[in-house]
Every structure is written in structure tokens, then in C-alpha cells.
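For the numbering used here, add 8 to where a residue sits in the sequence shown, where the first one is 1.
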Amino acid sequence: MLHCANVCKLYVVMREITAVNKTLRYTMRKRYGIAIGVTMVTVVKHRKVKIVVLAEHELLAEHCKAGDIAILNDGQGWWVKFVGDDGQVDCYGEPFPSYNEALWSSKAAAEFGV
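Set out below in C-alpha cells:
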């Protein structure tokens, strides 16, 4: 846990530096999986279920595991996607108009055990 806190602290410090050389970018990406200037996913835990909020450029398969819920925006609205045991992805038929509605729907699904 301390290692994770140190990495997050280092990420915040590095994000504030505007001119980072290529060697440092490569080292951060390889060692810690951090790309400078790229936002990290937001994770919300609810009833021991991980709800992952993805940005446009982030892939569901890279950040979600079985039993997770993903929230992503594609321009049409906010989609709630459920990751199954075999890696299959299921979602509601229509996107939600707002992030808050998608989040509350995800929390409700976590209440009932996805």
C-alpha cells in the first residue's frame, strides 16, 4: 500500500512538471505503468464491487476484471458495462444522459450483486 501511495505521489509531482524529458517518460511508463500527461481511471468501490470510470482513450479490457462495472462516455451518453467471469461484457440497451445517473445505476447494480 505504501508503494502505491509513493507512486501516486510521484505521479502528481510529475504531472505538475511541464517539460519532462523522454527518458523519464519512458522510465515512468515502464516501471510504474504511468504515462505522463494521461489521466488515470477513477475507481469507486461500492459493496466490494469495483466501479471503473474510463476516459475516452482508455480500454475496458486493460482496466477491468471479472465482476467489475465500467462507466464510459462515447458522445451518445454514459454507458454502464458489466464484465462477466469469462471476459464477456454486457450493458444496458441505452446510455444514460448524465454521469451521475450512470454512477447511481452502477451502485444499484452493485447492491444486488452483479
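All C-beta atoms, glycine included, are put in the ideal place defined by N, C-alpha and C.
Exercise for the section: Would you check whether the ligand ZN has a heavy atom nearer than 6 Å to the C-beta of residue 72? Expected result: This structure simply doesn't include the ligand ZN, nor any ligand for that matter.
Practice task
Would you list the residues sitting across from residue 54 in a DSSP beta bridge?
Solution key: 57
Handout entry: Proximal residues to residue 100 (C-beta, below 7 Å), its chain only, five neighbours per side dropped
Key = Sequence-distant Cβ neighbours of residue 100 in its own chain, meaning closer than 7 Å and more than five residues away, are 88.
Problem - Enclosing beta strand (DSSP E) for residue 89 [first to last residue] - result: 86-91
Exercise for the section: Answer yes or no: do residue 121 and residue 103 have a C-beta to C-beta separation smaller than 7 Å? Expected result: The answer is no: Cβ separation not under 7 Å.
Practice task
Have a look at residue 50 and residue 62 and give me their C-alpha separation to the nearest angstrom.
Solution key: 7 Å
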